[in-house]
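Numbering that gives the first Met the number 0 puts the first residue of the sequence shown at 0, with every later residue one more than the last. Backbone N, C-alpha and C fix where the C-beta goes; we use that ideal spot for every residue, glycine too. Heads up: the structure comes next, in structure tokens.
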Amino acid sequence: MADDEQKFAEGGVKMLISLGGLALGGAPTVVGLISFVSGVIGFLAGGSTDDAVARLKQEIDTLKADLARLDERIDELALEQGQEANRNVQARVDAQLDDIERLRLRFADSPSDVDTAVDVANELGVVIDAFLRHDFDLWRWTDVVEKDGHIDLERLRFKNVPTLPVYLLGLLTWLAARQVVVDAKQRHRLDGDAPRISRHLQAVSVHDEFDKYADGNASVPASITEHIKWRIRAWVISLNRQPVDRTCRFYFEVRDWMTDRRMSADNFEIITPGDNVLCTINPASLGTPHTELQMETDAGVDILNEMAVTLDRVARTGSVREQLIGRFPDTKVYPSAILYVIAQNGDLHWYRNESSSQPGGSTTWQGPKQVGNGWHGFTTVFSGGGAAIYGAQPDGTLVWYGHDGCFTGSLTWRALRQVGSGWHGFKAIFSGGEYVVYGILPDGTLVWYKHNGAANGGNDTTWSGPVVVGSGWHSFAKVFSGGQGVIFAIGTDGILTRYHHRGYATGTHDWGPHIAIGTGWNSFQEVVAGPDGVFYAFTRDGRILWYCYRGERPAPLFPPGGAGGHDPHIWEGPVEIKRGVPGFKSVFRLMDPPYHGPN
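This is the structure we're talking about:
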């Protein structure tokens, strides 16, 4: 097998026949489960247990027919040992489905009888627990592969189908029977209820530290969802060895090792300073391509995420039902945060996170809305404040755009203006908000500018600066601002340090003390500061984690020097507030314009 093919193959062997791609057709069947799972959860949350049971019957009948077809097609596996190994696993999965159907029928005969519901829930608990035992052995199947030029077998390979549909049926039927018991206030009759909920919540969750592309323990899958995600992978392929007209072109090759499904998509370009370089890129800087996220959805990741949300609610409240929360007047108003994301293909997307700094974070979003294209040609893009958005071109030209639709995500723009030159000499450029711009020179010098013409574009003469306001800034992996003179720097060791430039408004060399406020911040693809101490951390697998820095604890509550090993800094998070964000070139936040006070 060619080196590239070996790189793209699980375990370095070429798959010839996979049970995952035979009878159930892999993705289509799993996709069909999305509306089913959501529907059953909706019936249970709304109190319609009878409707949930009827919907379960329809799905079990369909799944039995699918498994019968699978039994016929296992003969396509070329080696007798492969057939036998898969038949043994299928026989066990069939037996689990038979038990689920038997108990569902018993429950359906008397759906409101608490004694019946107790018995069914306790028996089903044992049935669904079997799906989590022995390193998920009910999910392990045998493939026919080519290894060193010979036909061979690869055993114990994790597959999402046909086991996933059966597991979800058992889980939902158990939740339906259990809910009758909970509604009757007899939860104490459920055997091992809390530990069982915890086991299955862990089994369908993605843990915060999991990263399938990382080295070491962080990449080891421990849950069903993580096993599925781990087996769907993307590689970046270069279309040209060297740039053509300063342009390097790439695409992603995405593989599903469970079914051997493969797709080539998500083409993108990067602009280089010249043509005499190699077209290379760090895959870790790209995030998850849209095709990879879609393959994960097709394989059942979104279904399992929805199940994790449901089981988390059950773990916290004891019930599938949403709790009724009274609404009372609240004068506290939390600001929204507007983020711009430049996709790999250069499209500019607008997002708005409502009530961004509310305790616990906010999962309320507007967008994404596409508000532009062709933005991949800039080396740096940032918001100067309000409608002013800047792009630095590879030749150092700085251009200004006025996005008058910045608060609503509308396609309302003013034409670009050239407002500067020579901006390619900086190691990094970032906005301080209120029309302030900082540049870090290669030697670590921090330079301050203010674009006095930012409101209407101005030109290259409508600037204050440059003024040198600091040194030693070249050692940081990332520097960004939260506005109002607050600057954050992430070191190569992951330490997050907070600086306060008290002279930010006029460019004076006036700084407050700086403090290290956190660690581990170098593990994210991107970090953006929001209002009121909020941080948006973008993971490589398409999630946005919310953190909020609330300041330091009062001195009486914390001994000087951190005695006792306690953290003096008050943080909230991480909280996952969004998932499914495709890989991107860069992210920046809409910064505030200068405040001129009431009229």
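Take the Cβ of Phe587 as the centre, count every other Cβ of all protein chains shown within 10 Å, and call the residue buried at 16 or more, exposed below.
buried
Does Lys331 pass the burial test, meaning 16 or more other C-beta atoms within 10 Å, or should it be called exposed?
Lys331 comes out exposed.
Closer than 7 Å by C-beta to His289: which residues in its own chain qualify, once you throw out the five before and the five after it? Chain order, please.
Within the same chain, Asp265 and Pro581 come within 7 Å of His289 by CB-CB distance, once the 5 residues on both sides are set aside.
Quick one: what does DSSP say Met262 is sitting in, helix, strand or coil?
strand
For Glu122, name the three-state secondary structure that DSSP assigns.
If DSSP states are grouped into helix, strand and coil, Glu122 belongs with the helices.
Taking Arg232 as part of the beta strand (DSSP E), name the residues at either end of that continuous run.
Ile231 to Ser237
Based on the DSSP secondary-structure assignment, which residues constitute the bridge partners of Trp510?
His500
At what residues does the alpha helix (DSSP H) containing Pro567 begin and finish?
Per DSSP, Pro567 belongs to no alpha helix (DSSP H) and is neither H nor E.
Kindly indicate the opening and closing residues of the alpha helix (DSSP H) around Tyr166.
Thr162 to Asp182
Contact set for Gly432: own chain, Cβ-Cβ below 6 Å, skip 5 residues either direction
Gly384, Gly482, Met590 and Asp591
Cutting at 7 Å between CB atoms, please list the residues of its own chain near Phe523, excluding the five before and the five after it.
Ala536, Phe537 and Thr538
Tell me which same chain residues have a C-beta within less than 6 Å of the C-beta of Gly438, skipping the five on either side of it?
Hits under 6 Å: Phe425, Ile428 and Val446.
Could you work out which residue in Asp492, Gly469 and Arg351 is closest to Phe475 when comparing CA atoms only?
Asp492
Given a threshold of 16 other Cβ atoms within 10 Å of its Cβ, counted over all protein chains shown, does Trp234 qualify as buried or as exposed?
It counts as exposed.
In angstroms, rounded to a whole number, what distance separates the CA positions of Asp210 and Thr460?
Near 47 Å, if we compare the C-alpha coordinates of Thr460 and Asp210.
Should Lys584 be labelled buried (16 or more other beta-carbon atoms within 10 Å of its own) or exposed?
buried
What does DSSP give as the partner residue(s) for Tyr546 in the beta ladder?
Phe534
How many angstroms separate the CA atom of Pro220 from the CA atom of Ile231?
12 Å
Are Arg497 and Phe487 touching if we call contact CB-CB under 8 Å?
yes
Nearest by alpha-carbon distance to Gln343: which of Gly317, Asp311, Ile270 and Met306 is it?
The shortest C-alpha separation from Gln343 is found at Ile270.
Buried or exposed for Gly421, going by 16 or more other Cβ atoms inside 10 Å?
exposed
Just list the residues that DSSP pairs Asn352 with in beta bridges.
Ala336 and Trp364
As assigned by DSSP and simplified to three states, the class of His450
strand
Whose C-beta lies closer than 6 Å to the C-beta of Met257 among residues of the same chain, with five residues either side of it excluded?
Gly19, Lys158, Asn159 and Arg230
In terms of alpha-carbon separation, which member of Asp128, Gly373 and Asp108 lies closest to Ala198?
Correcting the residue type first, residue 198 is Arg in the shown sequence and not Ala. Ranking the options by Cα distance to Arg198, first place goes to Asp128.
Compute the Euclidean distance between the alpha carbons of Ala470 and Thr507, then round it to the nearest angstrom.
Checking the sequence shown, residue 470 turns out to be Ser, not Ala. Spanning the two alpha carbons is a distance of roughly 14 Å.
Just list the residues that DSSP pairs Ser585 with in beta bridges.
Ile341
Using the beta-carbon count (16 or more within 10 Å), is Thr363 buried or exposed?
So Thr363 counts as exposed.
Ignore the nearest five residues each way along the sequence and tell me which others in Leu102's own chain have a CB closer than 8 Å to its CB.
Excluding sequence neighbours, Leu102 sits near Val119, Glu122, Leu123, Val126, Thr172 and Ala176.
When you compare only the Cα positions, how much space is there between Val418 and Gly457?
7 Å
Go ahead and pull the three-state DSSP assignment for Val243.
strand
Classify Ala386: buried if its beta carbon has 16 or more other beta carbons within 10 angstroms, exposed otherwise.
buried
Cβ neighbours of His513 in the same chain (closer than 8 Å, five flanking residues each side left out):
Thr496, Arg497, Tyr498 and His499
Should His206 go down as buried or exposed, given a rule of 16 or more other Cβ atoms within 10 Å for buried?
exposed
For Arg195, I'd like the list of residues in its chain whose CB is within less than 6 Å of its CB, leaving aside the five on either flank, ordered along the chain.
Gly124
So the beta strand (DSSP E) Glu525 belongs to, where does it begin and stop?
Glu525 to Ala528
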